[in-house]
Amino acid sequence: MTDDTNKRMATLLALLDLKEAVARDDVQAAREIREKRLIRMLDSFSAGEGEALKQVWDTSGRWTRYVESADTVLEVLGRAIPQFGNLEMLLRERDEKD
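Those letters in the sequence shown? Residues 1 to 98, per the working numbering, in order.
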């Protein structure tokens with residue numbers, strides 16, 4: 001599996017987990033996902049993807065400090081997740097290269 005595919009899969013899974021935590025209103029889980037997983041990805045992608053991650057980072061950070069609504073975070077996540085492809089496609093690419 002290529003490094004790029006690994007990075008995209010890890011980012012996609014982190015975003016999906018963050019989305020689930022926000023939907024459950026689980027601020028502590030969202031903080032952990034941001035601080036342990038998402039932070040590593042912030043500078044790893046090109047302009048469009050990188051900007052989408054920064055928006056997720058900023059908006060989810062405000063939500064974990066009770067400044068932003070969950071709906072806003074889910075909106076931003078909804079725009080960011082498709083930029084990293086779907087997991088099925090990434091897994092197929094990985095299997096074809098192996």
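For every residue, glycine included, the Cβ atom is placed at its ideal position computed from N, Cα and C.
For residue i, three-class secondary structure by DSSP
i, result
"PHE45", "coil"
"GLY61", "helix"
"GLY85", "coil"
Span of the alpha helix (DSSP H), counted from its first residue to its last, around residue i
i, result
"ARG120", "Residue 120 lies beyond the residue range present for the chain, which begins at 1 and ends at 98; the question has no answer from this structure."
"GLU68", "From DSSP, GLU68 is part of no alpha helix (DSSP H); its letter is neither H nor E."
"ARG34", "27-36"
Option nearest residue i by Cα separation, candidates the options
i, options, result
"PHE84", "GLY48, VAL22 and ARG24", "GLY48"
"TRP63", "ALA29, THR5, ALA14 and LEU16", "ALA29"
"LEU77", "ARG40, ASN6 and GLU51", "GLU51"
"LEU42", "GLU93, GLU75, ASP95 and LEU12", "LEU12"
"SER69", "GLU35, LYS54, ARG24 and SER46", "ARG24"
"ASP17", "VAL67, GLU35 and MET89", "GLU35"
"GLU32", "ARG92, ARG94, PRO82 and SER60", "SER60"
"SER44", "PRO82, ARG8, ARG92 and THR72", "ARG8"
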